[in-house]
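Asker: Provided herewith is a single structure, encoded as structure tokens, for subsequent inquiry.
Protein chains in written order, with my numbering: chain R, 29 to 282; chain Y, 197 to 596.
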């Protein structure tokens, strides 16, 4: 098994008297897609927010590339190479794909142009990135507001990897998508892993999305690690059982 | 699982539909068509309408509203509104007049001070809006009344500063003619061609699709025809009036800022999704404050121009208490020009077309001998029609 790039050990997080996470551990390896599943309130989002630097854990260790890091804010985590795509995507519908990809990080010309935005350079870079991700069908010049849900999701993901992170965290990328749109996102997720990224996906869509597109499934229940499965040798029923607390909590991962 | 119907496999559609383009870079086209229709209509109704003397008047009439609307576009793009622009224009013009008449300040300095005051007022309102999180329309409504009060305080007991032969009157009275005028127009065309040309060249170098005809030739020819047309028409009269030159120059600079710079992109981003902009690292508050400062500065300059044209400032400068017709027409000009009140949509050039439409209606109906009340009704209806067309285009551009 490859060395994990991001590794959490014994993470505990309280909110007032509520224990959101208790002694949770998680590893993400380069080139692997890990699904994080669990019932509502199982602590999935909290765990992602710990990883992305929004929340500080009360105890436990956060290792990145084999070194323990003290994470204090989201920008630091992003600079370190861990990008998060939240459910609301944070796209501007009135801008096109290129403008959205580079929003806040525009390439600009020299001072005598009034720091004019270098549209051509950005468009070329965007084209390369989208091509590498096999997203050539996305138009660079249409407003993203006029695009389908799957395309919008994919643009948000493409934006997260534009600056070459090592880990991508996706919070419910298929929540509001049709089956076919979710398939597009699944293709992209596997494509990211094939480029050597470590990917974590939160998803409720066990039967279609998770089983088809991930390598490992980590189940959280009531803020604890409940089970870990190898996606290839598990059925949807087993995963759901672990989520809702069926009789046996199994560990079948290799 | 909810299925918000999305077309199955998305077919590659690199070409954009007309409705989508009308919602973006062609947002001024409906209003430009409307303007031409109005011109044709009034030309058939009055022999005087198309004379260069009348058109010169019409252009100059549109500059004050146009310049105020131009600044307002920046604020509207961010999804905010500034209801104090007319009051700002009034107070800044009175302030400028006071500096000249009572303190003997040189005119250019006084004008600069007036514009700076307007910018400060705008920035202060915006700081308050972003700090407390109150709606900008309430804050600026209040600020407008405060400014009306200050305007009265600044005026002398006679209630009026006469600016005849003060030097301020020269601003509006100057006309540029002959080689000088041609030089200006050619410079403007050359600058525009340079901007469009460099875009085209950098796209070509980057190996991207770039059409010389559609990307450079056509826009340059349209702009050149417009500017040369204006020049030829006005040469018959007394040349290019300074207010028109200033308005068009400001229009060019502001268009460049909104469409080519980071700041411009951020205005649109904030107007559409401020939270997304914030997460992308954009300093939303700072951008908004700058937008309000630009609106305030432009409003002040519009007011100063108006003072120069009317040879004085008084209680009624800046549209009188509450901003009156000046405020409403400035907002209407921007909105008729295709700038959305909900933020994130529209172009600076819309202010030009909007202001021209309002001036044309007023001028044309005047020539037809229509009473004032009918003019108000027509302008009001135009506004309603314009927003409705805008909404329609926006809906059509949406998927599904």
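For each residue, glycine too, the CB sits at the ideal point set by N, CA and C.
Please read these numbers as outputs of a predicted model, since none were measured by experiment.
Do we get a CB-CB distance below 8 Å when we pair residue 241 (chain R) with the residues of chain Y?
Answerer: Here residue 241 (chain R) corresponds to residue number 213 of the first chain, with the count starting at 1. Cβ-Cβ to chain Y under 8 Å: no for residue 241 (chain R).
Asker: Considering only the alpha carbon of each residue, which of R:146, R:116, R:172 lies closest to residue 391 (chain Y)?
Answerer: As a first step, residue 391 (chain Y) is located in the second chain; it is residue number 195 there, counting from the start. Ranking the options by Cα distance to residue 391 (chain Y), first place goes to R:146.
Asker: Closer than 8 Å, CB to CB, is residue 199 (chain R) near chain Y or not?
Answerer: Taking the first residue of the first chain as 1, we reach residue 199 (chain R) at position 171. It does not: the Cβ of residue 199 (chain R) has no partner Cβ on chain Y nearer than 8 Å.
Asker: Nearest CA to the CA of residue 111 (chain R): which residue from R:218, R:127, R:199?
Answerer: Residue numbering aside, residue 111 (chain R) sits at position 83 when the first chain is read from its first letter. Of the listed residues, the one whose Cα sits closest to residue 111 (chain R) is R:199.
Asker: Is there a C-beta anywhere in chain R that falls below 8 Å from the one on residue 206 (chain Y)?
Answerer: Taking the first residue of the second chain as position 1, residue 206 (chain Y) is located at position 10. Low per-residue confidence applies at residue 206 (chain Y): pLDDT is 41, beneath 50, and the placement is therefore not dependable, though the value from the model is reported in the following sentence. It does: the Cβ of residue 206 (chain Y) has a partner Cβ on chain R nearer than 8 Å.
Asker: Thinking C-alpha only, which one of Y:496, Y:493, Y:461, Y:492 is nearest residue 479 (chain Y)?
Answerer: Looking up residue 479 (chain Y) in the second chain gives position 283. Of the candidates Y:496, Y:493, Y:461, Y:492, the one whose C-alpha sits nearest the C-alpha of residue 479 (chain Y) is Y:461.
Asker: Can you tell me whether DSSP reads residue 402 (chain Y) as helix, strand or coil?
Answerer: As a first step, residue 402 (chain Y) is located in the second chain; it is residue number 206 there, counting from the start. Coil at residue 402 (chain Y), not helix or strand.
Asker: Taking the beta carbon of residue 383 (chain Y) as the centre, do at least 16 other beta carbons fall within 10 Å, making it buried, or is it exposed?
Answerer: Start at 1 with the first residue of the second chain, and residue 383 (chain Y) comes out as number 187. The residue is exposed, with fewer than 16 neighbouring Cβ atoms inside 10 Å.
Asker: Going by Cα to Cα distance, which pick from R:223, R:230, R:196, R:221 is closest to residue 202 (chain R)?
Answerer: For the purposes of this step, residue 202 (chain R) is taken as residue 174 along the first chain, with counting starting at 1. Of the listed residues, the one whose Cα sits closest to residue 202 (chain R) is R:230.
Asker: Specify the secondary structure class of residue 33 (chain R) as computed by DSSP and reduced to three states.
Answerer: Looking up residue 33 (chain R) in the first chain gives position 5. Note: residue 33 (chain R) maps to coil in three-state DSSP.
Asker: Evaluate the contact criterion for the region 122-137 of chain R versus the region 208-227 of chain R: three or more CB pairs, one atom per stretch, below 8 Å.
Answerer: As far as the Cβ criterion goes, the region 122-137 of chain R does not touch the region 208-227 of chain R, which means the pair count is below three.
Asker: Please name the residue, chosen from R:165, R:239, R:137, that lies closest to residue 267 (chain R) on a Cα-to-Cα basis.
Answerer: Position 239 of the first chain, counted from the start, is the residue given in the question as residue 267 (chain R). With distances taken between Cα atoms, residue 267 (chain R) lies closest to R:239.
Asker: Does the Cβ of residue 235 (chain R) have 16 or more other Cβ atoms within 10 Å, making it buried, or fewer, making it exposed?
Answerer: As a working note, residue 235 (chain R) is residue 207 in the first chain. When all chains shown are included, residue 235 (chain R) counts as exposed.
Asker: Suppose only complete runs of 3+ residues qualify. What are the beta strand (DSSP E) ranges in the region 135-206 of chain R, listed by chain order?
Answerer: Qualifying beta strand (DSSP E) stretches, in chain order: 195-199.
Asker: Using a Cβ-Cβ cutoff of less than 6 Å, which residues in the same chain neighbour residue 557 (chain Y) once the five nearest sequence positions on both sides are dropped?
Answerer: Position 361 of the second chain, counted from the first residue, corresponds to residue 557 (chain Y). Taken in chain order, the residues that qualify are 574, 575.
Asker: Any idea what DSSP makes of residue 457 (chain Y), helix, strand or coil?
Answerer: Position 261 of the second chain, counting from 1, holds the residue named residue 457 (chain Y). It is a strand residue.
Asker: Let me know the secondary structure DSSP gives residue 478 (chain Y) once reduced to three states.
Answerer: The residue labelled residue 478 (chain Y) in the question sits at position 282 within the second chain. DSSP places residue 478 (chain Y) in coil when its eight states are reduced to three.
Asker: Could you list which residues in chain Y have their beta carbon closer than 8 Å to that of residue 143 (chain R), in chain order?
Answerer: As a working mapping, residue 143 (chain R) is identified with position 115 in the first chain. 457, 458, listed in chain order.
Asker: Could you work out which residues of chain R lie near residue 472 (chain Y), taking near to mean beta carbons separated by less than 7 Å?
Answerer: Along the second chain, read from residue 1 onward, the residue named residue 472 (chain Y) stands at position 276. Chain R residues near residue 472 (chain Y): 118, 119, 120.
Asker: Grab me the residues of residue 538 (chain Y)'s own chain with a C-beta within less than 7 Å of its C-beta, minus the 5 sequence neighbours each way, in chain order.
Answerer: One-based indexing of the second chain puts residue 538 (chain Y) at position 342. Counting only Cβ-Cβ distances below 7 Å, and skipping sequence neighbours, we find 275.
Asker: Under three-state DSSP, which class holds residue 286 (chain Y)?
Answerer: Taking the second chain and counting its residues from 1, one reaches residue 286 (chain Y) at position 90. In this structure, residue 286 (chain Y) counts as helix in the three-state DSSP scheme.
Asker: Identify, in the order they occur along the chain, each residue of the same chain with its Cβ nearer than 6 Å to the Cβ of residue 220 (chain Y), setting aside the five sequence neighbours on each side.
Answerer: By 1-based counting over the second chain, the position of residue 220 (chain Y) is 24. Correct list: empty, nothing qualifies.
Asker: Does the beta carbon of residue 259 (chain R) fall short of 7 Å from some heavy atom of the ligand ATP?
Answerer: This structure does not include the ligand ATP; it has no bound ligands of any sort.
Asker: For residue 513 (chain Y), return the contacting residues in chain R, with the cut-off set at a CB-CB distance below 7 Å.
Answerer: For the purposes of this step, residue 513 (chain Y) is taken as residue 317 along the second chain, with counting starting at 1. Residues of chain R passing the Cβ test: none, with the nearest at roughly 33 Å.
Asker: DSSP three-state call for residue 471 (chain Y): helix, strand or coil?
Answerer: What you label residue 471 (chain Y) is simply residue 275 of the second chain in a count that begins at 1. Helix, per DSSP.
Asker: Need the endpoints of the alpha helix (DSSP H) that residue 333 (chain Y) sits in, please.
Answerer: Within the second chain, residue 333 (chain Y) is the residue found at index 137, counting from 1. It spans 332-350 - the alpha helix (DSSP H) in which residue 333 (chain Y) sits, taken as one unbroken run.
Asker: Drop a sphere of 10 angstroms on the beta-carbon of residue 90 (chain R), count the other beta-carbons inside from all chains shown, and report buried for 16 or more, exposed for fewer.
Answerer: By 1-based counting over the first chain, the position of residue 90 (chain R) is 62. Buried.
Asker: Return no unless some Cβ of chain R is closer than 8 Å to the Cβ of residue 465 (chain Y).
Answerer: Here residue 465 (chain Y) is taken as the residue at index 269 of the second chain, counted from 1. Closer than 8 Å to some Cβ of chain R, the Cβ of residue 465 (chain Y) qualifies, so yes.
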